[in-house]
Amino acid sequence: EGRELLDVIDVAHRFEMQQFLDEAEDVMLWGATRVTFEEHLLCAEKYGMNKLKDWRMDALSRPGVNIVGTIKIMMKSPSWEKYSAELVTEILDLVPDGKKSELLQDRNGKGNGNYRKGKGGIIRLANSNAPRDAPSNRN
């Protein structure tokens, strides 16, 4: 019900069956599938399902959602490695600045490799898309 839908969506995407993709997005918006939160976001990004992406990002940013805890759970999912740097940045932008350091620490307050994405770590990945300071003109 979940895995099969994702496989069919992949085939529909390859054969440019846009009407089917739109219908599949609507089904996922109704939450009538066993597709995980992470798979929703990945699917949204991979197939340009912007309604689905907006809905999920909105769910992450709602008051009362433990955004740090939710992201920590997402980071442990194998899906996390497939997210684009842009999507990771968007997700991290939802975290209040004062809480970002929590994502890099374990319970003992030490850096935790579990929360790294690639070699540079999650915060570095997020910052890799940030605009660079303009070089100073020294004449």
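Take the position in the sequence shown, starting the count at 1, then add 2; the result is the number in the working numbering. By construction, the Cβ of each residue, glycine as well, lies at the ideal position given by its N, Cα and C atoms.
What does the Cβ neighbour count give for residue 111, buried or exposed, with the cut at 16 atoms within 10 Å?
Only weak support exists for where residue 111 lies, its pLDDT of 48 falling under 50; the value from the coordinates is given anyway. Counting the other Cβ atoms within 10 Å of the Cβ of residue 111 gives fewer than 16, which makes it exposed.
Cβ pair count under 8 Å reaching 3, the region 11-28 against the region 71-86
Between the region 11-28 and the region 71-86, the count of Cβ pairs shorter than 8 Å is below three; the stretches do not touch.
Within 10 angstroms of the Cβ of residue 53, are there 16 or more other Cβ atoms? Answer buried if so, exposed if not.
exposed
Restricting to Cα atoms, I'd like to know which of 94, 66, 48 and 32 is closest to residue 15.
With distances taken between Cα atoms, residue 15 lies closest to 48.
Quick check on DSSP: helix, strand or coil for residue 35?
Per DSSP, reduced to three states, the secondary structure at residue 35 is coil, with no helix or strand assignment.
Using only the alpha-carbon positions, how far apart do residue 35 and residue 18 sit?
22 Å
Suppose contacts are defined by Cβ-Cβ distances below 7 Å. Is residue 69 in contact with residue 106 by that definition?
No. Outside cutoff.
So what does DSSP say about residue 7, is it helix, strand or coil?
helix
Could you check the C-alpha separation between residue 42 and residue 101 for me, to the nearest Å?
25 Å
Given this structure, state the Cα-to-Cα distance separating residue 85 from residue 21, to the nearest angstrom.
25 Å
Reference residue 58, options 12, 9 and 92, closest by Cα
If we check each option's Cα against that of residue 58, 92 comes out closest.
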